[in-house]
Amino acid sequence: MSLPVVSKASQWSPVRLEKDVLESIECAKAKFGGVNVLINSAGVVGYENIYDFKNKKPHSVDLYRCVFETNVWGLFNVTRLMVGLMAKNKPDSNQQRGVIINLSSMMAYEPPPGLVAYGATKSAVSGMTIPLARGLASQGIRVITICPGYIDSPMTGVLVLQLVCNV
Numbered sequence: 054m055s056l057p058v059v060s061k062a063s064q065w066s067p068v069r070l071e072k073d074v075l076e077s078i079e080c081a082k083a084k085f086g087g088v089n090v091l092i093n094s095a096g097v098v099g100y101e102n103i104y105d106f107k108n109k110k111p112h113s114v115d116l117y118r119c120v121f122e123t124n125v126w127g128l129f130n131v132t133r134l135m136v137g138l139m140a141k142n143k144p145d146s147n148q149q150r151g152v153i154i155n156l157s158s159m160m161a162y163e164p165p166p167g168l169v170a171y172g173a174t175k176s177a178v179s180g181m182t183i184p185l186a187r188g189l190a191s192q193g194i195r196v197i198t199i200c201p202g203y204i205d206s207p208m209t210g211v212l213v214l215q216l217v218c219n220v
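Residue numbers for the sequence shown follow our numbering, beginning at 54 and rising by one.
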């Protein structure tokens, strides 16, 4: 059986909403005067096979959209809105103004069948790294992506239960 697993954050993910992101940027600007480091780590996971042959049911479109809107659009949205503020930073001794750290996953390269949506989103995150880095280098903003393996968290706990127990 494949059950959708989506963390509660997906019900309202501020990274998807321009208004919320802009408010957060203004808050950071007011409190710290600017931003030198952006860590894009918002993410949700959904475990569902492309087709449930037992119940004759295709993968949920809503689950797929939710995972993509948070993991890909959210990262893009925060990045596009934040880089203007980062570009205003005074360059350091290496002419750098900031760094963007995107959190991808090893699931971008080796996802199991039930993580088609999640794996695709993490591939997209990894795929954005080079064009973002090239596009922002002239402003002294570096872009890197980290692809960790499994991290024990509330989001992945239910997923592991499903994978191990096949529930």
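C-beta: ideal position from N, C-alpha, C; glycine also.
A quick note: this is a predicted structure, and the numbers were derived from the prediction, not measured.
Check: Beta bridge counterpart(s) of G180 as assigned by DSSP; Outcome: Paired residues: none, contrary to the question.
Check: Burial state of G202 (16 or more Cβ within 10 Å); Outcome: exposed
Check: G151 (DSSP reduced to helix, strand or coil); Outcome: strand
Check: Close-in-space but distant-in-sequence residues of the same chain around S63 (CB under 7 Å, 5 per side omitted); Outcome: The predicted model places S63 with a pLDDT of 39, which falls under 50 and marks its position as unreliable; any figure quoted below should be read in that light. For S63, where only same-chain residues beyond five positions count, the Cβ hits under 7 Å are V97, C119 and T123.
Check: Where the beta strand (DSSP E) through V196 begins and ends; Outcome: I194 to I199
Check: Residue interval of the beta strand (DSSP E) (run including L168); Outcome: Looking at the DSSP string, L168 is not in any beta strand (DSSP E), and its letter there is neither H nor E.
Check: Spatial distance of E91 from V152 (CA atoms); Outcome: Checking the sequence shown, residue 91 turns out to be Leu, not Glu. If I take the Cα positions, the gap works out to 6 Å.
Check: Three-state secondary structure (DSSP) of I103; Outcome: coil
Check: Where R150 falls, given that 16 or more other Cβ within 10 Å makes a residue buried; Outcome: buried
Check: Cα-Cα separation, I103 to A177; Outcome: 18 Å
Check: N89, buried or exposed, once every other Cβ within 10 Å from all chains shown has been counted against 16; Outcome: exposed
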